[in-house]
Each structure stands twice: as C-alpha cells, then as structure tokens.
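Residue numbers (the working numbering): 34 to 342.
Where a beta carbon is used, it is the ideal one built from N, C-alpha and C, also for glycine.
Okay, so here's the structure we're looking at.
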Amino acid sequence: MAAFYGNAVVAQEQLEDNNPIIKDKFTADPAAMVYDDTVYLYAGHDEAPNDFHFYKMNEWLVYSSKDMVNWKEHPVPLKPTEFKWSKGEAWAAEVIERNGKFYWYVTVEHNDKHPGKAIGVAVSDSPVGPFKDALGKALITNDMTKHTDISWDDIDPTVFLDDDGQAYLYWGNTVCHYAKLKDNMVELDGPIHTVELPNFTEAPYIHKKGDWYYLSYAYQFPEKIAYAMSKSITGPWEYKGVLNELAGNSNTNHQSIIEFKGKDYFIYHTGGIQPNGGSFRRSVCIDRLYYNADGTLKRVIMTSEGIQN
Ligand code: FUB
Numbered sequence: 034m035a036a037f038y039g040n041a042v043v044a045q046e047q048l049e050d051n052n053p054i055i056k057d058k059f060t061a062d063p064a065a066m067v068y069d070d071t072v073y074l075y076a077g078h079d080e081a082p083n084d085f086h087f088y089k090m091n092e093w094l095v096y097s098s099k100d101m102v103n104w105k106e107h108p109v110p111l112k113p114t115e116f117k118w119s120k121g122e123a124w125a126a127e128v129i130e131r132n133g134k135f136y137w138y139v140t141v142e143h144n145d146k147h148p149g150k151a152i153g154v155a156v157s158d159s160p161v162g163p164f165k166d167a168l169g170k171a172l173i174t175n176d177m178t179k180h181t182d183i184s185w186d187d188i189d190p191t192v193f194l195d196d197d198g199q200a201y202l203y204w205g206n207t208v209c210h211y212a213k214l215k216d217n218m219v220e221l222d223g224p225i226h227t228v229e230l231p232n233f234t235e236a237p238y239i240h241k242k243g244d245w246y247y248l249s250y251a252y253q254f255p256e257k258i259a260y261a262m263s264k265s266i267t268g269p270w271e272y273k274g275v276l277n278e279l280a281g282n283s284n285t286n287h288q289s290i291i292e293f294k295g296k297d298y299f300i301y302h303t304g305g306i307q308p309n310g311g312s313f314r315r316s317v318c319i320d321r322l323y324y325n326a327d328g329t330l331k332r333v334i335m336t337s338e339g340i341q342n
C-alpha cells in the first residue's frame with residue numbers, strides 16, 4: 034500500500050492495531066506469568082463511569098495467550114469480596130506459581146480494623162482460578178509500615194522466587210518495601226526493609242535476566258517507568274534511568290516484564306481506548322523489550338501496532 038504526503042509517496046505496510054490488547058473492557062495494572070508454554074495475564078477491571086474521576090475496581094480478570102497476540106478471557110477468577118476483612122477495591126496484584134499452586138498477591142482496602150490499603154494473598158490449584166483467600170486475614174496492613182503517614186503506601190505487591198528457592202515480596206507507594214516470604218508463601222520471614230530509589234512512586238516489579246536482577250517501578254507522577262539493576266535480589270540497586278515514558282493520557286503506567294519463547298515483552302497500561310479512555314479507564318498494551326549487551330535496557334517504544342505474528 035502507498036500513502037501520499039505532499040508530493041512524496043511513502044510505502045506503508047498496513048498493520049492492525051493490536052494495542053490495547055483488550056478492547057471490550059478497560060483493564061489495568063497488568064501482571065503476566067509464563068506457565069506451561071502459556072502467558073497468563075492478570076489485570077484489574079477499570080469500571081469507572083465516564084464522569085467519575087477515581088478508580089472503581091470491583092474484580093480482577095485473567096486472560097491467556099499462546100502467542101502474545103490472541104488473548105482468551107477466562108471467567109472472573111477473584112474479587113475483593115473473597116477477602117472478608119476487606120472493603121473492596123481491586124488494585125494492583127500479581128500471581129506466582131510455586132510447587133503447583135498459584136499464589137495471587139493483591140491490593141485491597143482493609144476494613145476499619147486496620148484502616149488503609151492492605152496486601153492479601155489468595156491461592157488456587159489452577160492459574161485461572163477460582164482463587165480463595167489463603168490466610169483469612171491480610172498479609173500486610175498499613176500499621177505494619179511506618180515510613181510514611183499515608184494510608185496507601187502498602188500497595189502493588191510483586192513476588193520473586195530466587196534461584197535458591199527464597200521468595201521475596203516487594204511492594205509500596207512513596208516508599209519501596211521488601212521482605213522475605215516463608216516457603217508457605219503466606220507468611221513474612223523476617224523484618225520489612227526499604228529500598229532507596231529516585232522518585233519512587235509505586236508499582237515495583239522484579240525480574241531477572243542472566244545474572245542481573247531488575248527492579249522497575251513507577252517514577253514521579255504522572256508516571257514514567259524507571260529501573261535499577263543489581264547482582265542480588267536484596268541490592269544494592271543501581272539506578273539506570275527511565276525505561277518507559279508517560280503513558281499519554283493515563284497518569285499511571287504500571288508495568289510487567291516477561292520473556293516468552295525467546296522474546297522479551299514490556300506490558301503496561303495506557304488510556305488508549307477512545308473516546309473515554311484515561312487515568313481511570315485504562316487499557317493493557319504490550320510492546321517488545323530489548324536489552325543492551327551490558328544488560329541495561331533500551332527505552333521502550335510504545336506502539337499502536339503492538340505485537341504482530
Ligand atoms: O489501579 C489502582 C492503582 O493505580 C494501582 O495499584 C497503581 O499501581 C496504579 O496503577
């Protein structure tokens with residue numbers, strides 16, 4: 034196909050717009066997991082009406098794909114109502130598999146016993162659920178962390194299983210926290226630590242490639258995604274710069290990073306579905322991620338085309 038720009042004729046390959054990847058619902062806070070040659074994508078369901086200017090999130094969703102292009106939606110696997118101690122609000126969450134069980138770490142609003150945001154954990158024998166509250170109480174409550182006065186600093190859990198079998202929970206808003214998890218995945222194993230990162234807002238995400246650990250996170254507000262690298266899961270972390278720019282009309286960006294069938298992917302959200310998309314009606318998008326020879330990351334190029342077969 035050819036397009037005319039002034040007097041120039043430019044050859045153009047017409048690609049389908051594969052971003053956002055889900056077009057019939059607003060989806061946010063992607064967390065992807067590779068299991069059994071399949072990518073499972075967990076996301077919060079943004080349900081805010083067009084004239085509502087905050088989050089309205091009553092459930093999490095799960096999709097799966099064998100090729101990163103075609104996504105199948107599964108029945109709703111988990112809602113905050115499963116956590117009897119919570120008041121709701123399906124904020125950012127992440128799933129990890131260990132010994133054939135799937136653990137889903139979620140952010141919800143705690144009831145008045147521990148006011149503020151809290152982290153809970155649900156468990157299932159299947160990556161698509163149904164998931165059940167694994168503890169009957171929160172794993173992290175706002176009163177367990179004292180580094181800020183805000184009630185929403187205990188959000189956005191990410192869990193990483195290190196090569197020696199030790200699991201770590203990272204989370205936070207304004208302050209980045211981490212703690213070891215016991216082998217049962219539902220209890221902390223030792224004290225809560227903090228990590229110093231420039232302009233840390235929220236959404237920490239840990240991944241490993243070769244012998245480098247990467248801690249990516251939402252930077253400033255409105256958010257870009259920045260990252261730090263280390264040779265150890267507990268740091269010291271060296272700040273490496275911005276990885277993804279502002280996500281257009283969404284003030285959050287919330288990333289997940291995976292390798293699947295030999296390719297690396299950066300999964301994030303924008304306000305890309307128009308006319309009503311925006312900060313509270315977000316949509317998950319996927320673009321390729323590329324590494325430099327020294328292990329640093331090339332800046333992500335957000336595209337409309339997304340992943341093509
Ligand atoms: O979706 C609600 C909140 O917005 C998440 O917990 C943050 O990461 C931000 O994306």
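The straight-line gap separating the alpha-carbon atoms of Asn91 and Ala64 is approximately 17 Å. Between Ser312 and Thr60, the beta carbon gap of about 14 Å keeps them out of contact (Cβ cut-off 8 Å). The beta carbons of Val192 and Tyr247 sit no closer together than 9 Å.
Judged by DSSP in its simplified three-state form, Pro148 adopts coil rather than helix or strand. By the Cβ neighbour-count rule, Gly133 is exposed, with fewer than 16 other Cβ atoms within 10 Å of its own. Within the segment 203-277, the runs of beta strand (DSSP E) at least 3 residues long that lie entirely inside it are, in chain order, 209-214, 226-228, 233-242, 245-252, 257-263 and 271-277. Under the three-pair Cβ rule at 8 Å, the segment 111-131 counts as touching the segment 73-91.
Trp137 is bridged by DSSP to Val128 and Ala155. The beta carbons of Arg314 and Ala81 sit about 6 Å from each other, so the pair counts as a contact at 8 Å.
Distance from Tyr272 to Pro231 at the Cβ level is roughly 5 Å; contact confirmed, criterion being Cβ atoms closer than 8 Å. Using a Cβ distance threshold of 9 Å, Ala251 and Thr285 count as a contacting pair.
Beta-carbon to beta-carbon, Asp197 and Thr140 are separated by about 28 Å, too far to satisfy the 8 Å threshold.
Of the heavy atoms belonging to the ligand FUB, at least one sits nearer than 8 Å to the Cβ of Glu235. When secondary structure is reduced to three states using DSSP, Met177 falls in the helix class.
Taking non-hydrogen atoms of the ligand FUB into account, the C-beta of Gly339 is found less than 8 Å away from none of them. Beta-bridge partners of Phe293 (DSSP): Lys296.
Within a 10 Å sphere around the beta-carbon of Leu48 sit fewer than 16 other beta-carbons, which makes this residue exposed. The three-state secondary structure of Thr285, taken from DSSP, is coil. For Thr114, no pairing in a beta bridge is given by DSSP. Taking every protein chain shown into account, the CB of His287 has 16 or more other CB atoms within 10 angstroms, so this residue is buried. Per DSSP, the unbroken beta strand (DSSP E) holding Met66 starts and ends at Phe59 to Tyr68. Straight through space, the alpha carbons of Asp100 and Lys296 are spaced by roughly 11 Å. The ligand FUB approaches His287 closely enough that one of its heavy atoms is under 8 Å from the residue's Cβ.
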